[in-house]
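Numbers in the numbering used here are just positions in the sequence shown, counted from 1, shifted up by 57. No residue lacks a Cβ here, since even glycine has one placed at the ideal position from N, Cα and C. These numbers come from a predicted model, not from an experiment. Have a look at the structure below, then the notes.
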Amino acid sequence: MKKIITYGTFDLLHWGHINILKRAKEMGDYLVVAISTDEFNRLKHKESYHSFENRKLILESIRYVDEVIAENNWDQKISDVQEHQIDTFVMGDDWAGEFDFLKEYCEVVYLSRTEGISTSQIKTELGKG
């Protein structure tokens, strides 16, 4: 069984999120999604609309997602890959090169982002309303 992992906050879920989850799942048999906890988001100076538990519930209901785990800090990726026996690490290409250190442990793939949508764009547009 080929296992894939991806990371993100996954707040204000939109079709760009679904696209990356679908494409990641198509690369293997089992998709693990690590989502940033509320505490980790605060360390990154990010604020989510939805709580960690609600974002986890939403992601668990998506057919492409097999398992949701917590991302508590920047440094846990190697241990996540090892613990979950991950074959491929997937991220959006806006992170290209940032996670190449994982190539020692698994394949690393950067997928192109969905054009025309982002959580930042949604937040900006809602602020105008």
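(request) State the Cα-Cα distance for the pair I75 and W131, rounded to the nearest angstrom. (result) As a position in the sequence shown, residue 75 is number 18, starting the count at 1. As a position in the sequence shown, residue 131 is number 74, starting the count at 1. Using only the alpha carbons, I get a separation of about 23 Å.
(message) On the CB-based measure, 16 or more other CB atoms within 10 Å of its CB, does F158 come out buried or exposed?
(response) What you label residue 158 is simply residue 101 of the sequence shown in a count that begins at 1. Exposed, because fewer than 16 other Cβ atoms sit within 10 Å of the Cβ of F158.
(request) Can you give me the start and stop residues for the alpha helix (DSSP H) that G73 sits inside? (result) In the sequence shown, residue 73 corresponds to position 16, counting from 1. It spans W72 to E83 - the alpha helix (DSSP H) in which G73 sits, taken as one unbroken run.
(message) Checking 9 Å against the spacing of the C-beta atoms, do D123 and L88 come in under that value?
(response) Here residue 123 is taken as the residue at index 66 of the sequence shown, counted from 1. Here residue 88 is taken as the residue at index 31 of the sequence shown, counted from 1. Contact flag set, yes.
(message) Give the list of continuous alpha helix (DSSP H) stretches no shorter than 4 residues that lie fully inside the stretch 107-149.
(response) 109-117 and 134-140
(request) Compare the Cα-Cα distances from Y167 to each of E117, I174, L69 and L78 and report the closest residue. (result) Position 110 of the sequence shown holds residue 167. Minimum Cα distance to Y167 is reached at L78.
(request) Just mark E128 as buried or exposed, buried being the case when its beta carbon has 16 or more other beta carbons within 10 Å. (result) Here residue 128 refers to the residue found at position 71 when the sequence shown is read from its first residue. Label assigned to E128: buried.
(request) Under the assumption that Y162 contacts I135 (Cβ atoms under 8 Å), give the Cβ distance between them as a whole number of angstroms. (result) On the sequence shown, residue 162 is found 105 positions in, with the first residue counted as 1. On the sequence shown, residue 135 is found 78 positions in, with the first residue counted as 1. Indeed they touch by this definition, with Cβ atoms about 6 Å apart.
(request) Helix, strand or coil for I174, going by three-state DSSP, please let me know. (result) As a working mapping, residue 174 is identified with position 117 in the sequence shown. Looking at I174 - three-state DSSP - the assignment turns out to be coil, as it is neither helix nor strand.
(message) Which of the three DSSP states is assigned to G186 in this structure?
(response) Against the sequence shown, residue 186 aligns to sequence position 129. Note that G186 scores a pLDDT of 48, beneath 50, so its modelled location is shaky and nothing firm can be said.
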